[in-house]
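Structure, as structure tokens:
Protein chains in written order, with the working numbering: chain A, 30 to 200; chain B, 4 to 184.
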């Protein structure tokens, strides 16, 4: 089982604890783990695309170089279904197909999960209901399902490269 | 079912140029246009301006009520959540076979920055708490349907091209009992 899948499993476990006795800590950790599950799912895919796995540790280092804010911006850029152009994509890179429903959904859900993760980890003024965790975990599950469909598309390679290089390839 | 329009919405807050403070829209209504004829230079269909919409406003700070304010008055200033509210009100009319779920009790819209400092609009749909559960257990199917609804709303709002990050969420509405206690 990959780290991403383990994190999703962990999020699922925490979100499904008895709602009558669960704690804010459990709910918040569930929301956080749901985001990190998706983050690691995509991060691993990016590293696999842009880096060889030899010498040992190279791909892991590549994965470590990903940056949350940058990934959020790319997710937003790809979040509109049917779009034929996405923000910040260099002019000489043409999106092979309009953004699919799956890719738009991944984009939307990634930034939703990211913002929810931030609130869950840092905003003590917020109260979270058990259902907040359940909805976020299911959002993460949807990303896993959508990625299974999208990962072989020609847009997926552009999306993954953008997650890594989006900030610097317009130099 | 009508087309998406950007008329004022009852309950939203507006500012009125030349006057201090916030006003709440308490009534939105249409009046027959006073100019029903067409002048010689008019071409094409009648101007949408002939669809005259007025509002009554109540001051948030005093009892002052202003009536018959034209909705298209340049003095009337809406905040940046206005088009989002309009889109949601339009979705409530079930346009194009798109069903607005009956388990949504209310919604709120807020304009602020997200965690990364991006100017954003947050929409939160408040859901009947009973909706989430079936035979005492959280229903995965119902949560999936809710997430699908928020995704669809997000797509509509992205289509408004607001140059804001759009976040659409759902959450439990507090029970009336909780609110009262």
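Cβ atoms here follow ideal geometry from the backbone N, Cα and C, with glycine treated the same way.
The structure displayed is predicted, hence computed values, not measured ones.
Taking 8 Å as the threshold (C-beta atoms), are residue 62 (chain A) and residue 40 (chain A) in contact? yes
Beta-carbon proximity of residue 160 (chain A) to residue 141 (chain B), cut-off 8 Å: yes
In terms of alpha-carbon separation, which member of B:163, B:121, B:30 lies closest to residue 73 (chain B)? B:30
In angstroms, rounded to a whole number, what distance separates the CA positions of residue 118 (chain B) and residue 51 (chain A)? 26 Å
Hey, is the segment 155 to 170 of chain A in contact with the segment 46 to 60 of chain A, meaning 3+ C-beta pairs nearer than 8 Å? yes
Output yes or no for whether 8 Å exceeds the beta carbon distance between residue 126 (chain A) and residue 157 (chain B). no
Per-residue burial, residue 123 (chain A) [other beta carbons within 10 Å of its own, 16 or more giving buried]: exposed
Rounded to a whole number of angstroms, what is the C-alpha to C-alpha distance between residue 121 (chain B) and residue 177 (chain A)? Going from the Cα of residue 121 (chain B) to the Cα of residue 177 (chain A) covers about 30 Å.
Taking only runs that begin and end inside the segment 80 to 110 of chain B, name each unbroken alpha helix (DSSP H) of 4 or more residues, in chain order. The qualifying runs are 85 to 94.
Name the chain B residues whose beta carbon is nearer than 7 Å to that of residue 108 (chain A)? 161
Spatial neighbours of residue 172 (chain A) within its chain, please: CB distance less than 6 Å, with the 5 preceding and 5 following residues excluded, ordered by chain position. Setting aside the 5 residues that flank it on each side, residue 172 (chain A) is surrounded in the same chain by 67, 135, 138, each with a C-beta closer than 6 Å to its C-beta; the list follows chain order.
If you count every other CB in all the chains shown that lies within 10 Å of the CB of residue 162 (chain A), and 16 or more means buried, which is it? Classification of residue 162 (chain A): buried, given that the 10 Å Cβ count is 16 or more.
Can you tell me the Cα-Cα spacing of residue 33 (chain B) and residue 16 (chain B), whole angstroms? 19 Å
Counting Cβ pairs, one atom from each stretch, are 3 or more of them under 8 Å apart for the segment 61 to 70 of chain B and the segment 78 to 95 of chain B? no
Can you find a C-beta in chain A that's less than 8 Å from the C-beta of residue 99 (chain B)? Not one chain A Cβ lies under 8 Å of residue 99 (chain B).
Cβ-Cβ separation, residue 78 (chain A) to residue 189 (chain A) (assumed contact under 8 Å), whole Å: With a Cβ gap of about 5 Å, residue 189 (chain A) and residue 78 (chain A) count as contacting.
For chain B, find out if any of its Cβ atoms is closer than 8 Å to the Cβ of residue 105 (chain A); answer yes or no. Under the Cβ distance rule, residue 105 (chain A) counts among the residues neighbouring chain B, one pair being separated by less than 8 Å.
Under 8 Å from the C-beta of residue 39 (chain A): neighbouring residues of chain B: Counting only Cβ-Cβ distances below 8 Å, residue 39 (chain A) has no contacts in chain B at all, with the closest Cβ about 17 Å away.
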